[in-house]
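J.: Have a look at this one.
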Amino acid sequence: MIAEAVRGAAAVLFLASALGAPAQAQLITSRVDPTAGTAAIELWFRVPAAGYDLKSPGIARLALAAAAASQPTGGSSLSEIVNRLGGSLSLEVYPDISMIGASVPASSAGSVLRAMTSAFFNPGITPAGMKIAAQDSAVVAAQQPFDSSRTLQDALFAQLFSQGPAHYAPIPDPSAFAKLAQSDVQAFASRAFQRANAILSLAGNVDKSLAAGIAGNDAAVANAPYDSTPAGGSTDISVSARAAGLGLGWIGPRIADTRAATAMDFIADYLFDPDRGTVTRAVHAQRDLFVNGQFVTLHDPGVLLVTLSGESAATFQQTVLDAVTAMAQPLDAAAFAQARKAFLYHILTQIQTPLERADNAGWYAAEGNAQYAPGDSSGTYLNAASSLDPQFVAQTVRAYLQKPVIVHLIQSSLGTSTAT
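Next up, the structure:
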C-alpha cells in the first residue's frame, strides 16, 4: 500500500520505456469509467527528494511546485489553467518519487494533459514561478511539525535507513528552501522531469487516445527505482516535537515479493484498520489517541509503519508489540477466513474514485511493479490476497517483524528534534 492510503488502479497507465531501452513508450489500458464526471491526470517521476547527490533537501518539492507555477511566454501556468477550469492541483513528494496531479472536469482532460506535459517535459522555471513555489513550499514545511504522524514517519525512516533517499525527510525545515538557487532547481527539474522518466496515470472519464503523442523516441532512459540501505538492528530514540506520539517501524519485503507484501498489508489491516483493527479497538476508549498502521510498498525494501498520536501514546507501546508478536502464531481457520474477507472488502472499497485509481497505479508503477496495483486488470494483487493462509501470514511475521525501530515524540513548545 502507498504511504498515505490504499489507492485503486488507473483506467489508463502510460509507462516510460523499460530500463536501459530507448524511451519508446508503452501504453497499458485496463478500464475507463465513462459515467464519471471527472478525470484524474497524474505524472509520476522516479527522483530522490533530496537531490541526486542527496545534499539538497526539499529540491524535488520546490522544483515540482515551480514547474507548475511558471508561466510560459505568452501563456498561463499549469496551476492557473487547472484553477480556471474549476479543478484541483496536487503535489506529492516521497523520498524516492514525486507526483504532480490534477482532478478536473472530464471535458477538460485533454487540455490539462497537454498543459501538464508541456510544463514538465520541458520545464522552464521562471523567477515568478520560483517565488510562488518557495512560498508554497515554506507554508507546507511550516505545517509539518503539527502533523505528528508525518513527523513520526520521517523519524522512523531516518532510523530504518542509513543511506539513500529514504533516510531524508521529503519536506525539510522551511529554511532549507531559501538555500536553493533557481539555477539549481532548474538543473534538477531538467534532469528529473524528462519524458522518458515519466509515468502518466489517467483515471475516470478518459480515453486512451488522450495519451496519443505523449510517447517519445528520444535517447534518454528512465531512472531505475531508488532504493535505500536498511540500517539493521533495532533502535529506540526520543525526539522533541510539537505533539506527543509513538512510532514503530519494521523493514519488510520488496515489492517483487507480492505474496509477502500482501501478507504485510493483511497484517496492517487486521491490527490497525480504523474501524475493525484489533489494536485500534483496544485503544478506542482513548479519545485523544489516533492510531495508523500501514505497510508502505516500496521497490526494495518495504516498511511496516505504526504511528500513535496523542499524549497517552507511549503507554500503548507494549500493546502494539504484543499484538504484532501474537501474529507470529497462525490464526485459527475460521477467524482467518473472516479477517481475509474483511481485508478484501477494505481493498475494494478503497479503489473507487478516479483519484484513488490514478494514485494507486502511479505509485505501484513508480515502485517497479505496475501490475501489482490493487484493481489492476491482471488481478495480481487480489490473487495474492486470496492465496494467503494463516501459516504463511505467521511465517511473514516471524521473517520480518522481530526488530522494530521505536521513536518517541516528546512534546515540546520548540519542537526541535533531538535523538537520545
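In my numbering, the protein residues as written are 1031 to 1450.
Every residue, glycine too, gets a C-beta built ideally from N, C-alpha and C.
#1: Please name the residue, chosen from 1177, 1071, 1369, that lies closest to residue 1137 on a Cα-to-Cα basis.
#2: Under a three-way DSSP split, which group does residue 1126 fall into?
#3: Cutting at 6 Å between CB atoms, please list the residues of its own chain near residue 1118, excluding the five before and the five after it.
#4: Below 7 Å CB to CB, which residues in the same chain sit around residue 1424 once its five sequence neighbours on both sides are set aside?
#5: Alpha carbon to alpha carbon, how far is residue 1192 from residue 1337? Give it in angstroms, no decimals.
#6: On the CB-based measure, 16 or more other CB atoms within 10 Å of its CB, does residue 1322 come out buried or exposed?
#7: Note the first and the last residue of the continuous beta strand (DSSP E) segment covering residue 1076.
#8: Among all the DSSP beta bridges, which residues are the ones paired with residue 1281?
#9: Within its chain, find whatever has a CB closer than 8 Å to the CB of residue 1090; leave out the 5 residues flanking it on each side and keep chain order.
#10: Does DSSP put residue 1292 in a helix, a strand or coil?
#11: Give me, in chain order, the residues of the same chain whose beta-carbon lies closer than 7 Å to that of residue 1332; leave out the 5 immediate sequence neighbours on both sides.
#12: Any idea what DSSP makes of residue 1192, helix, strand or coil?
#13: Looking only at its own chain, which residues have a Cβ that is under 8 Å from the Cβ of residue 1478, when we skip the five neighbours before and after it?
#14: Could you pull the start and end residues of the alpha helix (DSSP H) that residue 1441 belongs to?
#15: Indicate the three-state DSSP secondary structure (helix, strand or coil) for residue 1431 in the structure shown.
#16: Just verifying my parser: in three-state terms, what is the DSSP assignment at residue 1324?
#17: Please list the segments of the alpha helix (DSSP H) lying wholly inside the segment 1073-1112, counting only runs of 4 or more residues, in order along the chain.
#18: Between which two residues does the beta strand (DSSP E) carrying residue 1230 extend?
#19: So, residue 1168 versus residue 1384, is the Cβ gap smaller than 7 Å?
#20: So residue 1241 packs on residue 1139, CB below 8 Å; how close in whole Å?
#21: Taking 7 Å as the threshold (C-beta atoms), are residue 1160 and residue 1108 in contact?
#22: Is there contact between the segment 1296-1304 and the segment 1202-1217, where contact requires at least three CB pairs shorter than 8 Å?
#23: Using only the alpha-carbon positions, how far apart do residue 1310 and residue 1316 sit?
#24: With distances taken from CA atoms, which of 1264, 1095, 1197 is nearest residue 1083?
#25: Within 10 angstroms of its Cβ, does residue 1431 collect 16 or more other Cβ (buried), or is it exposed?
#26: What are the boundary residues of the beta strand (DSSP E) that residue 1266 is part of?
#27: So, for residue 1114: in the same chain, excluding its five sequence neighbours on each side, which residues have a beta-carbon less than 8 Å away from its beta-carbon?
#28: For residue 1186, which residues of its own chain have a beta-carbon under 7 Å away from its beta-carbon, when the five flanking residues on both sides are left out?
#29: Is there contact between the segment 1252-1268 and the segment 1403-1413, where contact requires at least three CB pairs shorter than 8 Å?
#30: Between the segment 1372-1389 and the segment 1342-1357, do three or more beta carbon pairs fall short of 8 Å?
#31: Under the rule that 16 or more other beta-carbon atoms within 10 Å means buried, what is residue 1172, buried or exposed?
#32: Taking the alpha helix (DSSP H) that residue 1160 belongs to, which residues open and close that run?
#33: Whose CA, out of 1346, 1085, 1267, 1340, lies closest to the CA of residue 1195?
#34: With a 10 Å radius around its C-beta and 16 neighbouring C-beta atoms as the bar for buried, classify residue 1088 as buried or exposed.
#35: For the alpha helix (DSSP H) containing residue 1390, list its first residue and its last residue.
T.: Here's the rundown:
#1: 1071
#2: coil
#3: 1133
#4: 1357, 1358, 1359, 1360
#5: 21 Å
#6: buried
#7: 1068-1076 is the span of the beta strand (DSSP E), which, as asked, contains residue 1076.
#8: Bridge partners of residue 1281 according to DSSP: 1333.
#9: 1077, 1078, 1079, 1080, 1081, 1123, 1128, 1200, 1218, 1222
#10: helix
#11: 1282, 1283, 1284, 1285, 1291, 1294, 1325, 1326
#12: strand
#13: Since the displayed the chain opens at 1031 and closes at 1450, residue 1478 lies outside it and no answer follows.
#14: First-last for residue 1441: 1435-1441, but that is the beta strand (DSSP E), not the alpha helix (DSSP H).
#15: coil
#16: Reduced to three states, the DSSP call for residue 1324 is strand.
#17: 1089-1099
#18: 1228-1234
#19: In this structure, residue 1168 lies away from residue 1384, with their beta-carbon atoms at least 7 Å apart.
#20: In fact, because the Cβ distance is near 11 Å, the residues do not count as touching under 8 Å.
#21: no
#22: no
#23: Answer to the nearest angstrom: the Cα atoms are 10 Å apart.
#24: 1197
#25: buried
#26: 1266-1271
#27: 1106
#28: Hits under 7 Å: 1277, 1279, 1335, 1435, 1437.
#29: Counting C-beta pairs with one atom in each stretch, the segment 1252-1268 and the segment 1403-1413 have fewer than three that are closer than 8 Å, which means they do not touch.
#30: A contact is defined here as three or more CB-CB pairs under 8 Å, and the segment 1372-1389 fails this definition with respect to the segment 1342-1357.
#31: With a 10 Å radius around the Cβ and a threshold of 16 neighbouring Cβ atoms, residue 1172 comes out exposed.
#32: 1157-1173
#33: 1085
#34: buried
#35: 1384-1396
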